[in-house]
Amino acid sequence: MTDEKIAGWDQYWAHGFLTSCADAFRGNYEGAMRGAWETAFSALPEGSRILDVATGNGAIALIAAATARDQGKKFSIDAFDLARIDPHKATARQHRELLDDIRFHPRVDAAALPFADAEFDFVCGHFALEYTAVERAVAELDRVCDKQAAGLFVMHHANSVILQTTAEEKRHLALLDETALFEHAGAFIDLVGSTAPKMRAHLQTLPHAEQLRTALNTAAARVTEAVGTATHPEILRTALTVVADAYNQVGTRGLDAATTRLASGSEQIRANASRLADLVAAARSRKQMAELESLFVANHFAATTVDTLEDDNGLLIGWTLEINRND
2 MTDEKIAGWD
12 QYWAHGFLTS
22 CADAFRGNYE
32 GAMRGAWETA
42 FSALPEGSRI
52 LDVATGNGAI
62 ALIAAATARD
72 QGKKFSIDAF
82 DLARIDPHKA
92 TARQHRELLD
102 DIRFHPRVDA
112 AALPFADAEF
122 DFVCGHFALE
132 YTAVERAVAE
142 LDRVCDKQAA
152 GLFVMHHANS
162 VILQTTAEEK
172 RHLALLDETA
182 LFEHAGAFID
192 LVGSTAPKMR
202 AHLQTLPHAE
212 QLRTALNTAA
222 ARVTEAVGTA
232 THPEILRTAL
242 TVVADAYNQV
252 GTRGLDAATT
262 RLASGSEQIR
272 ANASRLADLV
282 AAARSRKQMA
292 ELESLFVANH
302 FAATTVDTLE
312 DDNGLLIGWT
322 LEINRND
């Protein structure tokens with residue numbers, strides 16, 4: 002993964018999301034998806050050593066920790082990610098004590114794990130393994146798993162509802178570029194902010210000022226119209242909120258604060274473009290899942306099982322891949 006792509010994920014996790022599909026799912030994974038993980042972790046014995054691959058802000062590791070506590074067990078849980086993750090920021094206050102049961106490792110590459118040989122009994126990842134250099138990552142899992150290890154991975158399906166959401170979000174990012182919403186907002190905010198407060202009322206009489214205001218309003222109107230017809234309008238709503246916040250800060254905090262708010266907000270939103278491209282590239286067909294099974298078998302795993310995972314409404318979420326050692 003390039004430095005630019007890593008930076009995009011850094012920004013995404015820093016925004017406080019627990020999951021890599023925060024627009025498709027609210028909070029931590031719920032319903033059938035959470036149930037699949039609770040079932041897997043409930044079957045593990047006392048003292049199990051768990052490795053969560055590409056953890057993000059720790060959604061699956063937190064489910065493991067919660068399951069252990071609910072059952073009066075102790076698990077040893079390590080969770081890593083290539084990005085600069087911030088689980089404490091992303092986790093609700095009432096659940097933060099679970100973080101004490103997890104060792105997080107930011108800036109760790111799945112192809113070069115900093116763990117000892119045969120250190121783990123169970124490996125897992127949710128929308129995780131497919132983002133790695135898979136061949137090298139599986140070889141590393143072979144090294145760090147003991148002879149009786151097992152694992153579960155949930156992976157992106159090329160026909161899932163998540164991919165449908167992603168396609169819509171990509172169109173919304175393209176609309177923001179097409180309308181130049183942030184650029185028009187920046188130009189108008191700069192004009193208003195650089196004008197003395199007592200003189201701002203006179204801006205409406207200036208043709209140039211009216212031109213800038215009209216351009217911003219036109220762009221905002223197109224984005225607002227798209228919100229009304231969108232199934233997943235979160236990116237567009239966030240963009241409009243950023244613009245409104247930045248404009249309001251001209252009067253309350255000054256031009257510098259307004260400019261900073263607009264720049265940081267637009268940067269966070271545009272960082273999604275790289276993330277969404279990664280997600281599309283990560284989605285797997287049935288043929289690709291069969292190839293992944295063969296890769297695990299070549300690395301001393303066996304009894305691999307591929308299935309599909311649906312949510313509580315019967316919508317396709319992804320693939321599941323269960324693995325077991327053959328040593």
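So in the numbering used here, spot 195 of the sequence shown is number 196, and the numbers just go up one at a time. Glycine included, C-beta positions come from ideal geometry on N, C-alpha and C.
| Neighbour-count burial assignment, Asp308, 16 or more Cβ in a 10 Å radius | exposed
| Minimum C-alpha distance to Phe183 - residue among His157, Lys171 and Arg214 | Arg214
| field | Same chain only: Cβ atoms within 8 Å of Ala227, ignoring 5 sequence neighbours per side | value | His173, Leu176, Pro234 and Leu237
| said: Going by DSSP in three states, Ala181 sits in which element: helix, strand or coil? | reply: coil
| Is the CB-CB distance between Cys146 and Val124 below 9 Å? | yes
| field | Exposure of Gln149, with buried meaning 16 or more beta-carbon neighbours within 10 Å | value | exposed
| task | Whole angstroms is fine: what's the gap from Ala67's alpha carbon to Leu99's? | result | 7 Å
| message | Quick check on Ile86: does DSSP put it in helix, strand or coil? | response | coil
| query | Just the Cα atoms here: how many angstroms apart are His96 and Ala210? | reply | 50 Å
| Taking buried to mean at least 16 other C-beta atoms within 10 Å of its own C-beta, is Asp118 buried or exposed? | exposed
| query | Which runs of the beta strand (DSSP E) spanning at least 3 residues fall entirely within the stretch 89-173, listed in chain order? | reply | 103-106, 121-127 and 146-157
| query | Roughly how many whole angstroms lie between the Cα atoms of Asp82 and Trp320? | reply | 21 Å
| field | Minimum C-alpha distance to Ile103 - residue among Phe297, Phe76, Gly126 and Thr239 | value | Phe76
| According to the neighbour-count rule (16 or more other Cβ atoms, all chains shown, within 10 Å of its Cβ), is Met200 buried or exposed? | exposed
| request: Give the DSSP-derived three-state secondary structure of Thr306 in the structure shown. | output: strand
| request: Tell me, please, whether the stretch 138-145 touches the stretch 292-300 by the rule of three or more beta-carbon pairs shorter than 8 Å. | output: yes
| said: Do Val281 and Thr167 count as a contact pair if the criterion is CB distance below 9 Å? | reply: yes
| Under a Cβ-count criterion, where at least 16 other Cβ atoms within 10 Å of its own Cβ denotes burial, should Pro198 be classed as buried or exposed? | exposed
| query | Buried or exposed: which applies to Gly28, given that a residue is buried once 16 or more other Cβ atoms fall within 10 Å of its Cβ? | reply | Only weak support is given to the placement of Gly28: the predicted model assigns it a pLDDT of 39, under 50, and the value that follows is read from those uncertain coordinates. Gly28 comes out exposed.
| message | Just to confirm the assignment, what range does the beta strand (DSSP E) spanning Asp79 have? | response | Ser77 to Phe81
| Rounded separation between Gly48 and Lys74 - CA only | 7 Å
| said: Could you tell me the alpha carbon to alpha carbon distance between Val54 and His106, rounded to whole angstroms? | reply: 10 Å
| query | Just how far apart, CA to CA, sit Leu293 and Ala69? | reply | 30 Å
| request: Taking all protein chains shown into account, decide if Phe26 is buried (16 or more other Cβ within 10 angstroms of its Cβ) or exposed. | output: Because the pLDDT at Phe26 is just 33, under 50, the model does not fix this residue reliably, and the point stays unresolved.
| field | Backbone secondary structure at Arg50 - three-state DSSP | value | strand
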